[in-house]
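Residue numbers (the numbering used here): 504 to 769.
Input: a single structure, listed below in structure tokens.
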Amino acid sequence: MDITIGQFYPGNSVIHKMDPRTKLLSVIIYMVIVFIAKDVPSFLLAGIFTFSVIILSRVPFKYYFKGLKPILIIMIFTSLLNLFLSGGEVIYTIPYLGWTITDEGLKLSLFMVLRLSFLLIGTSALTFTTSPVTLTDGIEALLRPFSKIGVPSHEIAMMMTIALRFIPTFAEEADKIKKAQGARGADFSSGSLMSRAKAMIPILVPLFVGAFRRADELATAMEARCYRGGSGRTSLKKLSFALRDYLAFAVVLLILAAIILLKIYL
């Protein structure tokens, strides 16, 4: 199974021990960093930071890079669009087709691949190092100030965490259904686009049925445990910021400031 978003990798690293609010805010700022990076020094700085997070998390490299497989087609497609449809100085022209590769297109294509890779690795690092319960507490704590204007912070946090938790579960179930249908003679790789789309119906129907069944079982389990929403609920572990959280947040803000300065002066 190649879906890594939503999976938790138990560990005792410094990132595992960080407050979930710090990790959530850092991921948001990290996304801003990746999107505003437009030049080689900025991407180099973002890459060093990303590599450092992977090392500090003590999660094996294969888990991060295995998660890139599901978006490989998207990465290739977007990079080809940027490669052939961008202006700039022509570097090479493909014979017979007349398609041109420009210096600007080559740069944008590379940056797009790096941007998508960094985004997926960053979000995977969050879920790898944060258990679903802790992640729920962190999201709820960040949304709690908005409850004064009627925002159901606990319910939103619960829904987001459940959605993340069941991504790998549904991916694994879809893989099992596909293998079972393939053993029965189903063909998903040949024929026209329409025939391949129709061949996916035997996968989608039992997958949706299974999703509704799991949702019903989860609702029954929550009701059996007298779950009544966030009103009056307490947490087993009280969230608190430590020195490592302040240092981590300061590092992320410094990188954001550095990339903004690079964007202004380069």
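Note that CB positions come from ideal geometry on N, CA and C, so glycine has one too.
Keep in mind it's a predicted model, so treat the numbers as computed, not measured.
- Within the DSSP bridge table, the entry for residue 604 names 595 as partners.
- By the Cβ test, the region 701–711 is in contact with the region 672–688, since at least three Cβ pairs between them sit closer than 8 Å.
- Burial is judged here by how many other beta carbons sit within 10 angstroms of a residue's own beta carbon; residue 699 has fewer than 16 and is exposed.
- In this structure, the beta-carbon distance from residue 593 to residue 603 falls below 7 Å.
- Three or more Cβ pairs closer than 8 Å define a contact, and the region 612–630 meets that threshold against the region 545–561.
- For residue 515 and residue 559, the gap between their C-alpha atoms comes out near 10 Å.
- By the beta-carbon neighbour count (other beta carbons within 10 angstroms, threshold 16), residue 624 is buried.
- When DSSP states are grouped into helix, strand and coil, residue 585 belongs to the helix group.
- Taking a cut-off of 8 Å on C-beta distances, the region 583–599 does not touch the region 658–666, as fewer than three cross pairs fall below it.
- The criterion of a C-beta distance shorter than 7 Å is satisfied by residue 512 and residue 631.
- Distance from the CA of residue 690 to the CA of residue 684, rounded to the nearest whole angstrom, comes to 8 Å.
- Assignment of residue 513 by DSSP, reduced to helix, strand and coil, places it in the coil class.
- Collapsing the DSSP output to three states places residue 653 in coil.
- If the five residues before and after residue 595 are omitted, its C-beta is found closer than 6 Å to the C-beta atoms of 604, all from its own chain and listed in chain order.
- Under a 10 Å Cβ-count criterion, residue 564 is classified as exposed, with fewer than 16 other Cβ atoms of the shown protein chains found around its own Cβ.
- Contact check for residue 641 against residue 721 fails: the beta carbons are separated by 7 Å or more.
- Within the same chain, no residue comes within 7 Å of residue 648 by CB-CB distance, once the 5 residues on both sides are set aside.
- One Cα belongs to residue 749, the other to residue 669, and the distance between them is close to 31 Å.
- With distances taken between CA atoms, residue 529 lies nearest to 645 out of 606, 645 and 727.
- Residue state for residue 522 is assigned as coil, using DSSP reduced to three classes.
- With a threshold of 16 other beta carbon atoms within 10 Å, residue 536 meets it and is buried.
- Short of 7 Å from the beta carbon of residue 759, and not among the five residues preceding or following it, lie these beta carbons of its own chain, in chain order: 532, 535 and 536.
- In this chain, the alpha helix (DSSP H) harbouring residue 639 covers 635–646.
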